[in-house]
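Note that the working numbering has the sequence shown beginning at 1115, numbered continuously upward.
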Amino acid sequence: MDRGPMKKNASIISGVTLALAAGALALAPGAAAGEQVGNCHTSLSSRPPYTGTAYCSGMAWGDRFRVKLTCIDPRGSQWLVYGPWKKNDSTSTAKCSDNPNVGIYKAGWAFNH
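As structure tokens, then:
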């Protein structure tokens, strides 16, 4: 049994997946390229109503940030929701909707210098 074409297709798919993953890692969520603001991370709730949080530390005294959520409904419609502005060592939280069928497509943060 010749498995050459199957191996070749699997290699192509693996290569594309790896390239997409590498590209996703190269983009900082919410930060412009080359912009070093502090140490920030996001987290998402695991059940409705879906919320997202952003926590940042190591920022300059006057810098502020807020969580930025891209929400999505069952029809695929997307919109942005922002949390309140916060300062260093704080958490910004936002909710997409009270509707349990609305989820979070992606989460990041926005800065204000």
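Cβ atoms here follow ideal geometry from the backbone N, Cα and C, with glycine treated the same way.
Quick check: the segment 1199 to 1208 against the segment 1170 to 1177, are at least 3 beta-carbon pairs closer than 8 angstroms?
yes
Exposure label - W1193; buried when at least 16 CB within 10 Å
exposed
For G1155, the residue or residues it bridges with in DSSP
Strictly speaking, residue 1155 in this sequence is His, with Gly absent from that position. Bridge partners of H1155: Y1169.
Just checking G1197 against the ligand MN - is the residue's beta carbon closer than 6 angstroms to any of the ligand's heavy atoms?
Judged by which ligands are present, the structure shown has none, so any question about the ligand MN falls away.
So what's W1267 in DSSP terms, helix, strand or just coil?
The question about residue 1267 has no answer, for the chain in this structure spans 1115 to 1227.
Nearest CA to the CA of G1152: which residue from R1180, S1160, T1165?
R1180
In the DSSP assignment, find the beta strand (DSSP E) that holds K1209 and state where it starts and stops.
1204 to 1209
Looking only at its own chain, which residues have a Cβ that is under 6 angstroms from the Cβ of D1212, when we skip the five neighbours before and after it?
P1163
Specify the secondary structure class of W1193 as computed by DSSP and reduced to three states.
strand
Rounded to whole angstroms, what is the Cα-Cα separation between A1208 and L1183?
7 angstroms
List the residues that DSSP assigns as beta-bridge partners of V1181.
W1223
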